[in-house]
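> The UniProt record's numbering puts the first residue of the sequence shown at 1, with every later residue one more than the last.
Backbone N, C-alpha and C fix where the C-beta goes; we use that ideal spot for every residue, glycine too.
Nothing here was measured: the structure is a model prediction, and the numbers come from that model.
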Amino acid sequence: MENDNNISNKKSTNHKRDHLLKIYLTEGEKARIKKMAQTVGIKYSAFGRAVLLDYEFKKDLLDLRKIRYELNKIGVNLNQLTRIANQNKRLPEVERIAKIERQLLNTLDKL
1 MENDNNISNK
11 KSTNHKRDHL
21 LKIYLTEGEK
31 ARIKKMAQTV
41 GIKYSAFGRA
51 VLLDYEFKKD
61 LLDLRKIRYE
71 LNKIGVNLNQ
81 LTRIANQNKR
91 LPEVERIAKI
101 ERQLLNTLDK
111 L
């Protein structure tokens, strides 16, 4: 079956595959991988090689996780200040709130 990913089920004439990589999977994980391989029309082992050798970690995703973490920290600070303001029936330091607001806006600009 021809596929769009140019993943071959046949061994390359230049390379002999004589090394075994053994991994442990749950029954569910194995079934998911087999189903994905069938979906793209290649053998289970060819799919595994393609994923292991061709997968690139996306730096953008790591950066996004860091930004999300920072946003969460800023949100927690803002919630604490809001709670204090509501408990005391007065506004906390305006400068402190303005600083947190600037941090939040700067972080959002990074997105």
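Taking only three categories from DSSP, how would you classify R68?
helix
> Tell me the rounded alpha-carbon separation between K110 and A37.
Near 37 Å, if we compare the C-alpha coordinates of A37 and K110.
> What first and last residue would you give for the alpha helix (DSSP H) that runs through T39?
E27 to V40
> Give the C-beta separation of L71 and T107 to the nearest angstrom, bearing in mind that I take them to be a contact with Cβ-Cβ under 8 Å.
Rounded, the Cβ-Cβ distance is 5 Å, consistent with contact.
> Return helix, strand or coil for D18, following the three-state DSSP convention.
Coil.
> Can you check whether the CB of I67 is closer than 9 Å to the CB of L81?
no
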